Structures are given as C-alpha cells and as structure tokens.
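Have a look at the structure below, then the notes.
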Amino acid sequence: MNSAAILPWILVFPLLGFLVNGLLYLISHSKMGGKDAPGGPHGSGHGDTAKNSGHHAPGEEAGGHGHEIPFAGAHTVIGPAACALSFLTALLAIVAWWGETHGQGGVVATLGTWLPMGENATWFGTKVLSVDVAFRIDALSAVMLFFVTFIGTLIHVYSVGYMGHDPGYGRYFSYLNLFMFAMLTLVLGANLPILFVGWEGVGLCSYLLIGFYWIKDFAADAGKKAFVVNRIGDFGFVLGIFGCFALFGTVDFERMFALAAGDPGRYAAGGLLTAVCLCLFVGACGKSAQIPLYVWLPDAMAGPTPVSALIHAATMVTAGVYMVARCNLFFRISHVWAVESAHGHPTTGWLLTHDASFVVAVIGCATAFFAATMGLAQNDIKKVLAYSTVSQLGYMFLGCGVLAFSAGIFHVFTHAWFKACLFLGSGSVIHALSGEQDMTKMGGLRKLVPHTFLTMFVATLAIAGVPGLAGFFSKDAILGETYAAGHPVLWGLAILTAGLTAFYMFRLIRMTFYGTFRGTPEQLQHVHESPASMTVPLYVLAAGAAFTGFLGIPKFILGGDGTFEKFLEPVFVKLPAAFVLEAHELPHATEWLVMGTSVLVAVLGIALAWSLYSGAFPFAIPSRIAASLGWFYRLVRDKYRVDELYEAVFVDGLIKKGGRLLWEIDARVVDLIPNGAAAFAVGLSNISAWFDRTFVDGAVNGVGNTFQAAFRGMHRAQTGRTQNYALTMAVGIFGFVCLYLLLT
Amino acid sequence: MIGVTHYVALSFVLFAIGVTGVLIRRNLLTVLMSIELILNAANLNLIAFSRHLGDLNGQLFAVFVITLAAGEAAIGLAIIISMYRLKGSVNLDDAAELRG
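Taken in order, these protein sequences are the chains called V and R. My numbering puts the first residue of the first sequence at 1, with every later residue one more than the last. My numbering puts the first residue of the second sequence at 745, with every later residue one more than the last.
As structure tokens, then:
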C-alpha cells in the first residue's frame, strides 16, 4: 500500500463515526419527543454546587437521572473506535510515507478537483483559481497527525467515563468525531483552501462543543464569543489566501513553495510577501488565541473538560502555529528581505512594519507574558489552565517568530501531551468533586485521588520546565533560539514567563492537592477516584509528558542529536544562497548559561509557590500580598479588564455608537446614491410620460376622434330599418343605371 | 303577335310591384314574397330573351335562379320564424337594433 492510497482513509473513520453517532442520537432524540439532553449540568444531588461553575457534574449517581441514555453502548464503541481506527490508519500512512520518501518529501493524494478550472486556465488574461481536493503528508503533517489522532483517541476513551451520564452523550461523540475529521482535514490539506475548510470545521465543532450545555447562558455566550472572535481572525486568513493566489497564481503548497524558493526576491519585493504573512498571522491569532484575539479561549472552558483538553489545549488551538510553520518559507523570505532592506536605516520600527516574523515573535512573547500573569490570579482550576494554554501558545509563536519553526512545533508536540494531561486531570478532580471548579474550595485531594494527583504532578513538572521532562526541552529550545536570534528583551520576558508558569502551576497543585479540604462535608464524602477509562489515558499522557522531550534533546547536551529538528528539516524548503540566514551558533558555554537561567527561574517559581501556598489554609500570605498590591492585583485578577475594554470599544462603541454613526452616514451620504438615482429615474420617467401623453396618446386619440367626428355626421343614416337601406340601394342602383344609360 | 317587348313590359311591371313591396310593406312575409316577384321578373326576362335570341343559356340561368329562389325562401322563412320567436312579431319595424 502506498501512503497516498491510505491518506483519505484517515479521514473516513471519524466522518463515519460522526454520521453514525449523529444519526443514532437523532433517532433517539426524536423518540424521546424532544426531551433532549437539555444540556444542563446534571449534578443530581450536587446541582447546587455546580451552579456557577459552568461545569457539568458527571456524578456517579446514575439513579438520579431516571432514564437510560439510548444507544449508550453504541456510542461508547463507535466514538472512540472511529478515532482509534483513524490513529491506526495514520500510523500506517506514516510508515508507508517513511518507506517511500525516508522523510525527505511529501506525498500527495488527490481525490478530485474542487474548483475545476484547469491548471493554467485563464479568464480574460488573469489566472483562474484551481483547487484540488488533495491531502498531503510530510514530516510536519506526520508529527501533527500522530499526536492529534493518538491524543484524540485517549480523550475519546476518557470521555466515555467523563460524559457517561450526560443525556447528550451521543451528540457529544458525534461532535467530537466531526472535530477529528475537521482537524485531520486541516492537518492533511495540500493547499490553503482545503486547510481552510478544516480550519472552519474545527471552528464549528469548537463552537458546538463550547456551547454543549447551551441551556446555560454563559455556555451559549462563550460559544458565540469564540465563533465571532475566530471570524475576525478568519477574515485575515482569507485575505492571506487571496494574497497567496494573487502572488503565485496558485494556492497549492508545493507549487507556491517551489515558486517562492525559485525566485524569492521577486515575491518579497515591495513587502508583498510580508503583507501575506501578516494576514495569515491574523488568522493564526484568532485560532491560536494570541493578543488581541485571545479573549475567547478562557471563556471556551464552558465546554466539557475533555473538549477543553482536546480542542482548546492540545490540537485545534495549535492550528495557527501549524499554519505559520507550514508557511515558514514565506516568513523566512520576508525576514531576510526585511533585514536586507533595513541595512540603510536599521531601526526596529522599520523592522516591525516590514518583517512579519518579528511581529509574530513580539505578539507571541507578549501573549505568553500577559496570559501568564492573568493565570496567577485565577481561582477556577480550568481558567488557570486556559490562561496557561494561551501563554504556552505564545511561546510557540515566539519560536516561529525567531524562525525556529522546529522548536515551535516541538513545543506544540510536547505541550499537547502535558496540557491534555493537565486538563484531563482537572476534569478528574472536578469529576471527583461533582462539579466543583473553584480551587479555594478544594485542597488535600492528594490522598483521595492518588492517580489523578500523580499524573497531574508529572505534567505540572513538565510544563514548569523541570529538567528531563518534555516541557523543559521544548521550552528551552525556544528560549535558546530567541537568545541566539538576538532578541535579549524577548528572551528576558520569556524567561520571566517561565518563572510565572512554574509559579501558577504549582499554585494550582498546592491549592488543589495539598492542605486540608475546604469544600462541604457532603462533597468530601463523595470524593472518589475516577474510573479506569479516565485514569488510563491520564497515565498514558503523563508518560508522554515525561518522555516525549527526549525526541528533541539539543545537540550540545551529551548524547543529544536533535532528532526532532532533523525529522522536520525537509519541511523547510531550501532557499537560494542570497536568502539563506546565517545560522546563529552560540558557544556551548552560553547555551548552558541560557538553559541554566531558565532552570533557575523555574525552580524559583516552584519554590515561591510551594512556600506561599503552604499550610492547612494556604491563603494567608498570598491574600496579604494581594491586599498590599491594591488596584494592581485587582486589575490582574480581572484579566486587565480586556473583556470590558472590548465591550466598551467594540461592542458598545463600535456597534452601538458606531452603528448610529454608520446609520447617519448611511442616511446622509450613502443614501444619496440610491436617492439620486431614484430622483433621476423619476425625472426621466416624467419626460417620457409627457411624451407618452402628448405624442403617443395624441396619435391614438386623434385617430379615434377623427372617426368619431365623421360618425357624428353620418350616424343618422344608420336607422336600423332594413327598408331604408333597401330604398337607398334601389335609388343608388337606379342612379347608376341612369348614369350608365346617359353616358352610353 | 306577342313580341319580346310584351314580355319585357310584363317583367318590368312585376319588378316594379316587387320593389315597391320590398320598400313599403312592413310584414316580413310580404317582403319575402315581393322578393320572389323580383326574382320571377328577372326569370321572365331571361326566358323571353332566350327565346328571342335562340340561346338556351338564358333558360339555364332561369333554372338556376329558381333553385336560388327556393334556397332564399327557405332561409328567409327560417329567419322569419326565429324573429317571431324572439320578438313575437314579424314586423320589420320591430327589428331595428342596428340603429346607430
């Protein structure tokens, strides 16, 4: 089997799963007479504790629900199986691809033509868009394919335990399968439009799953918010696709890259490629929750926790990083061109406007830092993880921004493991506490949920950057590359962020698992470790969090050979000599120093969190610190009031006041055009009406009048008496005969 | 000896009576009979001149006219019956709908 033949099958299984699950759900739904899964957090006995948590308590008290979930068994098998089959097929495809190309190139499977305009078709001299339904596997897709399907399968399995008592069980699995289908389309798309189809598909599924408990206003609102904010980004992405088409006349990755690599100077000229890169990055900002479009991701936690783990931590939100890494060639060309052009006037301001990758780096670094500070003051366990995700995504973009794409993707890869583990662990905690998400009401759970604690602890060590675990290697790769690329300020901020990350993650651990339990006695009684369907995925992910880092041990550490970097190398298409960046090699001593600094900062953060949040009631010192910070603390706790700012500026200012302004402009300026056109038409028709009345009607009426006038004189002759006519005839004949006789 | 002149004179008288009948009588039946008189005046003329000129075509025409008169009488009588059904009279003055 060649890999091209296998590729489409990766997509078929999740799609089938979606259809079957969805149909079964619809059938049961119609039988139940519309008594849907009212999507409500069913906390049964614990409904009150779940009331402001946004989370559904999938308690064990099935008796409280009264009715069995129809087709539960079928959903349990089909949902995870669709994903698992997809994973196995993906493995087959990766093996086949490796056998064919040894990782050196891509294999494309073209299924058909989507927009069948022909390869070199033109329309009045312009090139015409031609898009194939084509999927492509190369090193980058293979990495994404592997962890998306594998972690996806684990989370499907976890969902069986977590969502088992939810009346919307079937709906949940059909959405989740659809998500896998869309995500794999995104990852495998061989051209920008196909990637975009997947991109929108995951956006749709994200919307559906955030609003899964749609009966709750905040869940429905969060879904809408995510959707709207993503549309802003997508607008940029679409412009980027248009730009690519305008520049290259094609949107196929291989062709675009071949053209760009063939003559980079031509495409970079005038900053055209930079503009395209920036547009694409706007799209990435939306999907991957970067400043200023990150606001939807924390709210997205209204969805079920496995969804947060799969979509809003491990896979979908990294799509932006994937897309930027996929288009790495454009960013590299744009960067080199900007640096070359900047020789005369080397100001950073100039670079900021002409170097797309610098923008990416700055936005990524700023997002990483600000999201980390916001994570410091959150008490909702899922919100902390959400801000942590935003922050880590910032790291990934920082990596891509300093053109260390393999480091960025490496962090995507390792982050998927430990963040999925953390989210699923938090889900397990929430599950144990029947829907409680507030960390101030947790504590002392270490002994009560030992498996969850152990796995989450490993993942926390990994994200905090403790040497030897996954997060350490990938984060350090990004930090090292940032330093080497000559951005000491960004590096400093990133190091600081690493410290903050370690702090808030250990704050989470201390508040959740240490000290004494602060919830209600009733909750304490119900605390239980999750079933095996949930703990087994946790262990697998924790193992990933612990060991996947060894795939990318940097070269300067003994035995390290940069496996991950080498694997991804073929993705970075070679450029002509003029456009090759000089590799920034740091002396080994500096590299060790950079690494040592990040370890030191991480340890400091851990130690600080450990000591501050100690004791049975661990808020004494932190709350005193918070009080002494005053307004600054409140600002951070309120997430810098960015949501309120957006509300005031965009929703209130733009839509309401701006709407009024637009209405005025519309009424006074824009309407001039239709009104003028109307007035012109009225004038014109007046003229033509006058013509009509005068000439056309005149002619018609004139004919009629003539006949009427003639008739007025003659109508007396028509008496209706037959004999008058006969007499006239007789007289006439007599007259004519006389005339004849006289004349002859 | 009765010559062609006598026939023509008789024919003229018949024709004059017919035309006068058509023009002055109000009863449709009488008008129809007057038309028969006009036709027969013409027939008499045709036959007289046929005899006088020794040409049989005139007699042939007379036979045609008799046939035509039969058809005309049939249609005329049908019209009179229709009119009677419609108006309850056969007076020509009652059928003046086409007055302008």
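Note that beta-carbon positions come from the ideal geometry of N, C-alpha and C, so glycine has one too. Everything numeric in this text was worked out from a predicted model, so none of it was measured.
Where the beta strand (DSSP E) through V:Trp214 begins and ends: For the purposes of this step, residue 214 of chain V is identified with residue 214 of the first sequence, where counting begins at 1. Annotation for V:Trp214: no beta strand (DSSP E) segment contains it, and DSSP assigns it neither H nor E.
Residue-level contact to chain V via CB, R:Ala908, 9 Å cutoff: The question about residue 908 of chain R has no answer, for chain R in this structure spans 745 to 844.
Contacts around V:Arg507, its chain only, beta-carbon distance under 7 Å, and the 5 residues preceding and following it disregarded: Taking the first sequence and counting its residues from 1, one reaches residue 507 of chain V at position 507. Result list for V:Arg507: Ala609, Tyr613, in chain order.
Contact with chain V by R:Ile761, beta-carbon distance below 9 Å: Here residue 761 of chain R refers to the residue found at position 17 when the second sequence is read from its first residue. Cβ-Cβ to chain V under 9 Å: no for R:Ile761.
Proximal chain V residues relative to R:Glu841, where beta-carbon distance stays under 8 Å: Against the second sequence, residue 841 of chain R aligns to sequence position 97. Identification of chain V residues near R:Glu841 by a Cβ-Cβ cut-off of 8 Å yields Gly720, ordered along the chain.
Nearest-angstrom Cβ-Cβ length linking V:Ile495 and V:Gln437, presumed shorter than 8 Å: Here residue 495 of chain V is taken as the residue at index 495 of the first sequence, counted from 1. Here residue 437 of chain V is taken as the residue at index 437 of the first sequence, counted from 1. V:Gln437 and V:Ile495 do not touch by the CB rule: their CB atoms are close to 31 Å apart, not below 8 Å.
Residue from V:Gly320, V:Ala356, V:Ser406, V:Ala258 whose Cα sits closest to the Cα of V:Ala139: The residue given as residue 139 of chain V occupies position 139 in the first sequence. Looking at the Cα atoms, V:Ser406 is the closest of the given residues.
Nearest to V:Met323 (by Cα), restricted to the options V:Phe253, V:Gly303, V:Leu310: Stepping through the first sequence from its first residue, residue 323 of chain V is reached at position 323. Measuring from the Cα of V:Met323, the nearest candidate turns out to be V:Phe253.
C-beta contact flag for V:Ala368 and V:Leu422 at 9 Å: On the first sequence, position 368 is the one that residue 368 of chain V refers to. On the first sequence, position 422 is the one that residue 422 of chain V refers to. For V:Ala368 and V:Leu422, no; Cβs fall outside 9 Å.
Classification of V:Ser628 by the beta-carbon crowding that lies within 10 angstroms, buried from 16 upward: The sequence position of residue 628 of chain V within the first sequence is 628, counting from 1. A residue is called buried once 16 or more other Cβ atoms fall within 10 Å of its Cβ, and V:Ser628, having fewer, is exposed.
Cross-chain neighbours of R:Leu773 in chain V, by beta carbon under 8 Å: Taking the second sequence and counting its residues from 1, the one referred to as residue 773 of chain R is at position 29. Near R:Leu773 there are no residues of chain V at all, since even the closest Cβ is about 14 Å away, more than 8 Å.
Nearest candidate by alpha-carbon position, reference V:Ala325, set V:Tyr158, V:Ala386, V:Phe572, V:Val651: For this step, residue 325 of chain V is matched to residue 325 along the first sequence. If we check each option's Cα against that of V:Ala325, V:Phe572 comes out closest.
Inter-residue CB distance, V:Gly401 and V:Gly364 (contact presumed, cutoff 8 Å): Taking the first sequence and counting its residues from 1, the one referred to as residue 401 of chain V is at position 401. Taking the first sequence and counting its residues from 1, the one referred to as residue 364 of chain V is at position 364. Confirmed, about 5 Å.
Neighbour flag for V:Ala730 against chain R, beta carbons, 9 Å: For this step, residue 730 of chain V is matched to residue 730 along the first sequence. Using a Cβ-Cβ cut-off of 9 Å, V:Ala730 counts as an interface residue toward chain R, since at least one Cβ of chain R sits closer than that to its own.
is_contact[R:Arg829, chain V] using C-beta, thresh 9 Å: Numbered from 1 along the second sequence, position 85 holds the residue referred to as residue 829 of chain R. Using beta-carbon distances, R:Arg829 does not count as an interface residue toward chain V, since no partner is under 9 Å.
Runs of alpha helix (DSSP H) wholly within the stretch 485-564 of chain V (minimum 4 residues, chain order): With a minimum length of 4 residues, the continuous alpha helix (DSSP H) runs that stay inside the stretch 485-564 of chain V are 488-513, 521-526, 532-547.
Strand pairing of V:Phe135, partner residues [DSSP]: Reading the first sequence from its first residue, position 135 is the one you call residue 135 of chain V. DSSP, once it has assigned bridges, lists V:Ala109, V:Gly189 as partnering V:Phe135.
Runs of alpha helix (DSSP H) lying entirely within the stretch 623-697 of chain V, each at least 4 residues, in chain order: List check, alpha helix (DSSP H) in window: 631-637, 642-646, 658-665, 672-691.
Neighbouring residues, chain R, relative to V:Leu727 (Cβ below 7 Å): Residue numbering aside, residue 727 of chain V sits at position 727 when the first sequence is read from its first letter. Under the 7 Å cutoff, chain R gives Leu767.
Meets three-Cβ-pair contact criterion under 8 Å: the stretch 539-555 of chain V and the stretch 427-443 of chain V: Touching, no.
Closest Cα partner of V:Val295 within the set V:Pro306, V:Val307, V:His312: As a first step, residue 295 of chain V is located in the first sequence; it is residue number 295 there, counting from the start. Comparing Cα positions, the closest option is V:His312.
Identity of the residues DSSP links to V:Asn724 by a beta bridge: By one-based count along the first sequence, residue 724 of chain V stands at place 724. None, per the DSSP bridge assignment.
Buried versus exposed call for R:Leu830 [16 or more other C-beta atoms within 10 Å across all chains shown]: Position 86 of the second sequence, counted from the first residue, corresponds to residue 830 of chain R. Exposed: under 16 other Cβ atoms inside 10 Å.
For V:Val268, the nearest candidate out of V:Gly283, V:Ala284, V:Phe248, V:Val282 (CA to CA): If you number the first sequence from 1, residue 268 of chain V lands on position 268. It is Ala, not Val, that sits at residue 268 of chain V in the sequence shown. It is V:Phe248 whose Cα lies nearest to the Cα of V:Ala268.
For V:Gly112 and V:Ile215, the rounded distance between their alpha carbons: Numbered from its first residue, the first sequence carries residue 215 of chain V at position 215. Numbered from its first residue, the first sequence carries residue 112 of chain V at position 112. Between the alpha carbons of V:Ile215 and V:Gly112 lies a distance of about 41 Å.
Contact set between V:Gln708 and chain R, taken where Cβ atoms lie within less than 8 Å: Indexing the first sequence from 1 puts residue 708 of chain V at position 708. Near V:Gln708 there are no residues of chain R at all, since even the closest Cβ is about 12 Å away, more than 8 Å.
Where V:His588 falls, given that 16 or more other Cβ within 10 Å makes a residue buried: The residue labelled residue 588 of chain V in the question sits at position 588 within the first sequence. Counting C-beta atoms within 10 angstroms of its own C-beta, V:His588 has fewer than 16 neighbours from the protein chains shown and is therefore classed as exposed.
Beta-carbon proximity list for V:Asn52, same chain, < 8 Å, skipping 5 on both sides: Start at 1 with the first residue of the first sequence, and residue 52 of chain V comes out as number 52. For V:Asn52, the predicted structure reports a pLDDT of 38, less than 50, and the residue's modelled location is therefore unreliable. A value from the coordinates is still provided. Closer than 8 Å at the Cβ level, and outside the excluded window around V:Asn52, lies no residue.
Assigned secondary structure, V:Asp380 (DSSP; H/G/I helix, E/B strand, else coil): Within the first sequence, numbered from 1, the residue matching residue 380 of chain V stands at position 380. The answer is strand: DSSP assigns V:Asp380 an E or B state.
Chain V contact for R:Asp837 (CB, 9 Å cutoff): The residue given as residue 837 of chain R occupies position 93 in the second sequence. Taking 9 Å as the CB threshold, R:Asp837 lines the interface with chain V.
Under 9 Å between C-beta atoms of R:Leu812 and R:Ala785: Stepping through the second sequence from its first residue, residue 812 of chain R is reached at position 68. Stepping through the second sequence from its first residue, residue 785 of chain R is reached at position 41. Going by C-beta atoms, R:Leu812 is not nearer than 9 Å to R:Ala785.
Environment of V:Met729 [buried if 16+ CB atoms lie within 10 Å]: Locating residue 729 of chain V in the first sequence gives position 729, counting from the first residue. Residue environment for V:Met729: exposed (fewer than 16 other C-beta atoms within 10 angstroms of its C-beta).
Whether V:Val108 touches V:Phe135 by CB criterion (9 Å): In the first sequence, counting from the first residue as 1, residue 108 of chain V sits at position 108. In the first sequence, counting from the first residue as 1, residue 135 of chain V sits at position 135. Closer than 9 Å, so yes.
Backbone CA spacing between V:Ile478 and V:Ala667 [nearest angstrom]: Residue numbering aside, residue 478 of chain V sits at position 478 when the first sequence is read from its first letter. Residue numbering aside, residue 667 of chain V sits at position 667 when the first sequence is read from its first letter. If you draw a straight line from the Cα of V:Ile478 to the Cα of V:Ala667, it comes to about 53 Å.
Reduced DSSP category for V:Gly39 - H, G, I as helix; E, B as strand; rest coil: One-based indexing of the first sequence puts residue 39 of chain V at position 39. Here V:Gly39 scores only 45 on pLDDT, less than 50, and its place in the model should not be relied on; the value that follows carries that caveat. It is coil, neither helix nor strand.
Option in R:His796, R:Ala760, R:Thr749 with minimal Cα separation from R:Glu780: Within the second sequence, numbered from 1, the residue matching residue 780 of chain R stands at position 36. Out of R:His796, R:Ala760, R:Thr749, the CA that lies nearest to the CA of R:Glu780 is found in R:Ala760.
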